[in-house]
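All the letters of the sequence shown, read from the start, carry residue numbers 53 to 157 under the numbering used here. For each residue, glycine too, the CB sits at the ideal point set by N, CA and C. Bear in mind that the values here come from a model prediction, so they are computed numbers and not experimental data. The structure appears right after this line, and notes come after that.
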Amino acid sequence: MDNTKFLIYLVAMAGVTYLVRMVPLVLVNKPIKNKYILSFLYYVPYTVLSVMTVPAIFYATDSYISAAIGFAVAVVAGLLKRSLVQVAVFSSIAVLVVELVMNFI
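Here it is, written out as C-alpha cells:
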C-alpha cells in the first residue's frame, strides 16, 4: 500500500515537472523581444542557484559562525575574481580553521 502512494506521488510530480517545462515551449512560438522579459530570464539561473546554495551553506557546518565566516570568505574571493575552485578551497579552509579554533575554546 505504501509503495502505491509513493508511485502516485512520483507520477504526479513527474507530470507537474513536465508541464512546467513544456507549457512555455508550446505557448511561445516566436523569439522573445521584450527587453524586460529577456533581462528577467537572464538572471533566473543565478537566482535559482543562489536560493539553493545559500541555505545549504549555513546548514553544512556545526556552527552558524563558521558558516558565516566561510560565506564571507567566498564572497570576498568571488569579488576578487578568483576561480570557482579557489573560492571553494579558501572558504573550506576558513570553515575548517574556525571550527578547529572553536573546538579549542
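Please check the pair residue i and residue j, which I expect to be a contact at CB under 8 Å, by giving their CB distance rounded to whole angstroms.
i	j	result
Val147	Thr113	6 Å
Leu167	Ile84	Since the first and last residues shown for the chain are 53 and 157, residue 167 lies out of range.
Val125	Phe142	5 Å
What does the alpha-carbon distance come out to for the pair residue i and residue j?
i	j	result
Leu62	Met154	43 Å
Thr56	Ala66	15 Å
Lys133	Ile60	47 Å
Val103	Val137	20 Å
Lys87	Ser135	30 Å
Asp54	Val68	21 Å
Asp109	Ile117	Residue identity check: residue 109 is Ile in the sequence provided, not Asp. So the alpha carbons of these two residues sit roughly 11 Å apart.
Thr75	Val139	Reading the sequence as shown, one finds Val at residue 75 and not Thr. Near 38 Å, if we compare the C-alpha coordinates of Val139 and Val75.
Pro97	Ile157	41 Å
Phe58	Ala64	10 Å
Arg73	Leu79	11 Å
Ser115	Pro107	13 Å
Leu93	Val100	11 Å
Which residue's Cα is closest to the Cα of residue i: the options?
i	options	result
Ile121	Val75, Glu151, Phe156	Glu151
Ala161	Ile145, Ile117, Tyr116, Ser115	Since the first residue of the chain shown is 53 and the last is 157, residue 161 is not available in this structure.
Val149	Asn86, Val96, Ala119	Ala119
Next item on the list: Taking only runs that begin and end inside the region 70-112, name each unbroken alpha helix (DSSP H) of 4 or more residues, in chain order.
Entry: 87-111
Check: At what residue ranges does the region 109-133 contain a whole run of the alpha helix (DSSP H), taking only runs of 4 or more?
Finding: 116-131
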